[in-house]
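Peer 1:
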Amino acid sequence: MSFQFVRVELFSRKGKEGRSTGFVFDEVARVPSASIHVQDPGTPIVVYGLAPEALRTLHDERAAQARTEVKGGKVRAIRQDQNTLAGIVLSYPATIEEYRAKPEVVVRVDEWERRSIAWLRSQFGKRLVTVVRHEDESHPHLHAYVLPDDSAMTAAHLHPGFRAKAVAKAAAAQQGEDEKTAGKRADAAYKAAMRAWLDDYHVKVAQPCGMTRLGPGKRRLTREQWHAEKRQAEALRDTLAKAEVLKAKGDAFVRRVKKEAAVMRADAIEAAEAAQAAIGAAGVAEKAALERAETARSASLQAEHDMRAAKRLSGIGGLLRGLWDGLRKSAVAARIRKAIEPELEELQRKVAVASGRASAADAGRREAEMRARTLRENLTETGRQLTNAQQELASLRPKYAAPGSAPSCPRP
Numbered sequence: 003m004s005f006q007f008v009r010v011e012l013f014s015r016k017g018k019e020g021r022s023t024g025f026v027f028d029e030v031a032r033v034p035s036a037s038i039h040v041q042d043p044g045t046p047i048v049v050y051g052l053a054p055e056a057l058r059t060l061h062d063e064r065a066a067q068a069r070t071e072v073k074g075g076k077v078r079a080i081r082q083d084q085n086t087l088a089g090i091v092l093s094y095p096a097t098i099e100e101y102r103a104k105p106e107v108v109v110r111v112d113e114w115e116r117r118s119i120a121w122l123r124s125q126f127g128k129r130l131v132t133v134v135r136h137e138d139e140s141h142p143h144l145h146a147y148v149l150p151d152d153s154a155m156t157a158a159h160l161h162p163g164f165r166a167k168a169v170a171k172a173a174a175a176q177q178g179e180d181e182k183t184a185g186k187r188a189d190a191a192y193k194a195a196m197r198a199w200l201d202d203y204h205v206k207v208a209q210p211c212g213m214t215r216l217g218p219g220k221r222r223l224t225r226e227q228w229h230a231e232k233r234q235a236e237a238l239r240d241t242l243a244k245a246e247v248l249k250a251k252g253d254a255f256v257r258r259v260k261k262e263a264a265v266m267r268a269d270a271i272e273a274a275e276a277a278q279a280a281i282g283a284a285g286v287a288e289k290a291a292l293e294r295a296e297t298a299r300s301a302s303l304q305a306e307h308d309m310r311a312a313k314r315l316s317g318i319g320g321l322l323r324g325l326w327d328g329l330r331k332s333a334v335a336a337r338i339r340k341a342i343e344p345e346l347e348e349l350q351r352k353v354a355v356a357s358g359r360a361s362a363a364d365a366g367r368r369e370a371e372m373r374a375r376t377l378r379e380n381l382t383e384t385g386r387q388l389t390n391a392q393q394e395l396a397s398l399r400p401k402y403a404a405p406g407s408a409p410s411c412p413r414p
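Using the working numbering, read the sequence shown as starting at 3 and increasing by one per residue.
(1) Terminal residues of the continuous alpha helix (DSSP H) containing Y101?
(2) Between V87 and D269, what straight-line distance do the alpha-carbon atoms span, to the nearest angstrom?
(3) Strictly by DSSP, which residues pair up with V91?
(4) With DSSP as the reference, label E55 as helix, strand or coil.
(5) Alpha carbon to alpha carbon, how far is T156 from P162?
(6) Could you tell me which residues DSSP puts in a beta bridge with H136?
(7) Can you list, in chain order, the residues of its chain whose CB lies under 7 Å from that of V30, leaving out five sequence neighbours each side?
(8) Name the two residues that bound the continuous alpha helix (DSSP H) containing A157.
(9) For S397, does the count of other Cβ atoms within 10 angstroms reach 16, so buried, or fall short, so exposed?
(10) Looking only at its chain, what residues have a beta carbon closer than 8 Å to the beta carbon of R165, apart from the 5 residues adjacent to it on each side?
(11) For the alpha helix (DSSP H) holding E181, just list the boundary residues, first then last.
(12) How many whole angstroms separate the CB atoms of H141 and P95, which I take to be in contact at a CB cut-off of 8 Å?
(13) Reducing DSSP to helix, strand and coil, say where R221 ends up.
(14) Leaving out five residues before and five after S22 in sequence, what residues of the same chain have Cβ atoms less than 7 Å from its Cβ?
(15) Can you tell me where the alpha helix (DSSP H) with E29 in it begins and where it stops?
(16) With A79 as the anchor, note down where its beta strand (DSSP E) starts and where it stops.
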């Protein structure tokens with residue numbers, strides 16, 4: 003295990019020293035004329051995005067359409083020497099022989115590759131177009147290619163050092179610094195940005211894969227010191243790997259708990275909804291029952307009212323029938339009376355005469371009866387007076403008179 007290696011370069015269609023974008027595409031595709039440095043060129047392995055030829059086509063089309071604004075507000079095509087492509091090379095510190103012979107090295111390279119692609123995507127997003135792995139040189143390594151997404155296709159914005167340098171120059175010009183001071187400031191910004199970029203790669207990729215940040219020569223380390231640092235890096239890698247396993251287990255546990263909690267929440271929500279539905283149904287049923295009870299009560303009251311009305315109507319019906327019968331009888335009587343009216347009038351006249359006579363006779367009879375009753379009353383009064391007189395005479399008789407003998411009345 004050794005130190006990390008990652009480098010970023012910019013390329014233009016014209017190129018410097020023959021390293022144009024066309025040459026870069028040929029090299030990554032292992033075109034023989036661009037692969038002289040490789041003893042036995044192999045087939046490139048696309049591990050992310052487009053194949054080399056598709057990458058070439060996309061780049062050339064965008065570069066041909068790219069436009070930039072010059073002085074005076076005019077728009078023209080970009081220059082051939084403008085950088086339009088960013089290329090990043092990342093290498094794993096194991097020999098290709100180790101990679102081919104040791105399965106554990108293959109596992110480590112795969113892990114490094116996975117982390118490297120994730121890191122590149124975090125750096126460039128959708129502008130990362132292609133990542134290719136080469137296995138035909140001294141070490142397994144990756145070539146990543148990034149295309150600008152602005153209308154002028156400015157690749158300088160993709161380079162962390164150049165981007166920081168441009169910002170520093172603009173700030174120096176705004177503050178009125180001289181060219182020398184501005185240059186120093188820009189160079190310092192470039193170095194700081196590249197250092198931060200490499201540090202980020204080390205933390206997110208190299209360190210978890212057991213690589214050191216710097217090699218021994220850069221720091222003038224002895225062989226013993228270098229081997230000690232490599233052992234330390236490997237120990238750190240193993241520790242981080244264990245931490246990754248523990249983190250994965252923890253994440254799995256958290257996911258499981260969240261899933262169970264989600265299920266419980268869903269069940270609780272379902273139960274609450276069911277309870278709410280039951281409450282609603284009960285309310286509806288209660289309302290329906292109350293409505294039925296009210297309907298039944300209304301029906302009962304209506305029935306009672308109808309019965310009373312029926313009774314009244316039945317009485318009225320009898321009365322109407324009586325009236326109708328009376329009317330029918332009256333009609334018949336009228337017809338009969340009309341037929342016998344002359345005779346009835348004659349009979350009524352005779353009856354009136356007879357009644358007059360009877361009345362006179364009855365008056366005489368009543369007078370005679372009154373006379374007889376008066377006579378009887380007089381006789382009764384006379385008898386009473388006679389009795390009183392006899393009682394007085396009895397009280398006047400002499401005491402020598404024989405008992406039981408009646409007193410004699412003096413003769414006149």
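Every residue, glycine too, gets a C-beta built ideally from N, C-alpha and C.
Peer 2: Quick answer:
(1) Start and end: 98-103.
(2) Looking at the sequence itself, residue 87 is Leu, so the reference to Val does not match. Those two C-alpha atoms are separated by around 55 Å.
(3) R9, H145
(4) helix
(5) C-alpha separation (whole angstroms): 13 Å.
(6) H143
(7) If the five residues before and after V30 are omitted, its C-beta is found closer than 7 Å to the C-beta atoms of P46, P54, V134, H145, all from its own chain and listed in chain order.
(8) Here A157 belongs to no alpha helix (DSSP H), and DSSP marks it neither H nor E.
(9) exposed
(10) A158, H159, A195
(11) For E181, the uninterrupted alpha helix (DSSP H) segment begins and ends at 181-203.
(12) 7 Å
(13) For R221, the pLDDT reaches just 48, beneath the cut-off of 50, and the residue's location in the model is therefore unreliable, although a value from the coordinates is still provided. If DSSP states are grouped into helix, strand and coil, R221 belongs with the helices.
(14) F13, S14, R15, K16
(15) 23-30
(16) Unbroken beta strand (DSSP E) run through A79: 77-79.
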